[in-house]
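A short write-up of the structure that comes next.
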Amino acid sequence: MHPFDAEKPPKLAVLLGYAGLVPFVGGALGIWVIPLGWRPFVLDALLDYSAVILAFMGAIHWGLAMRGEEADEKAKLQLGLSVIPPLLGWAALAGGLPMGLSLPIFLFSFVGLYLADMHAVRVGLAPQWYPALRTPLTLVVCLSLLVAWASVLIS
25 MHPFDAEKPP KLAVLLGYAG LVPFVGGALG IWVIPLGWRP FVLDALLDYS AVILAFMGAI
85 HWGLAMRGEE ADEKAKLQLG LSVIPPLLGW AALAGGLPMG LSLPIFLFSF VGLYLADMHA
145 VRVGLAPQWY PALRTPLTLV VCLSLLVAWA SVLIS
């Protein structure tokens with residue numbers, strides 16, 4: 025695989041990461057251009073996808089923690105952090121919350137996940153190239169969720 029101490033992420037990870045932004049950007053922008061009757065469907069799809077990605081990203085932290093030794097406190101913390109994103113995504117979906125509350129929960133969950141990502145790099149559990157991948161992806165995800173949230177607040 026790719027060297028752990030490389031500065032640049034693997035090309036395939038970049039390609040797949042950016043491809044994963046299509047539902048975020050498409051959903052956020054689609055809300056503004058589709059007929060009003062379709063808005064709830066697009067918002068639901070955006071939130072569903074957000075929950076899936078939170079679970080996926082949480083699983084990455086589970087995998088990072090598995091690299092550590094059993095007594096490694098950093099790895100134990102990372103393992104504990106790994107279950108928070110999917111739980112937040114599930115709570116935001118299953119809680120029957122209004123969109124105006126669900127969207128910021130997802131937004132803040134992705135910000136928190138990014139902070140956990142950077143912590144994993146600092147303590148040596150995640151590769152050095154990870155911020156170069158995660159930073160732009162997280163910015164686009166957060167901007168997309170902000171655009172979607174604005175559509176809910178304005179309507």
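Each residue of the sequence shown is one higher than the last, beginning at 25 in our numbering. All C-beta atoms in this analysis are idealised placements derived from N, C-alpha and C, irrespective of residue type, glycine included. From a predicted model like this one, the values you see are computed outputs, not experimental measurements.
Cα-Cα separation between residue i and residue j, rounded to whole angstroms
i, j, result
"R146", "S179", "42 Å"
"L125", "L112", "12 Å"
"M90", "F28", "15 Å"
"F134", "L78", "7 Å"
"P151", "P59", "44 Å"
"L52", "V76", "Here residue 52 turns out to be Ala, not Leu, going by the sequence shown. C-alpha separation (whole angstroms): 16 Å."
"E97", "L170", "35 Å"
"E31", "T162", "18 Å"
"W114", "V38", "27 Å"
"G92", "A99", "5 Å"
Residue span of the alpha helix (DSSP H) that contains residue i, given as start and end
i, result
"L121", "Where L121 is concerned, there is no enclosing alpha helix (DSSP H), given that its DSSP letter is neither H nor E."
"S179", "That residue, S179, is in no alpha helix (DSSP H); it is neither H nor E in DSSP."
"R63", "63-90"
"V57", "46-57"
"E97", "97-106"
Beta-carbon spacing of residue i, residue j below 9 Å
i, j, result
"L131", "C166", "yes"
"M123", "L67", "yes"
"P109", "L71", "no"
"L45", "S168", "yes"
"V164", "F48", "yes"
"Y154", "P33", "yes"
Nearest to residue i (by Cα), restricted to the options the options
i, options, result
"G148", "G50, A172, H85", "H85"
"Q102", "W153, L39, A144", "A144"
"P160", "S74, V57, L177, G41", "G41"
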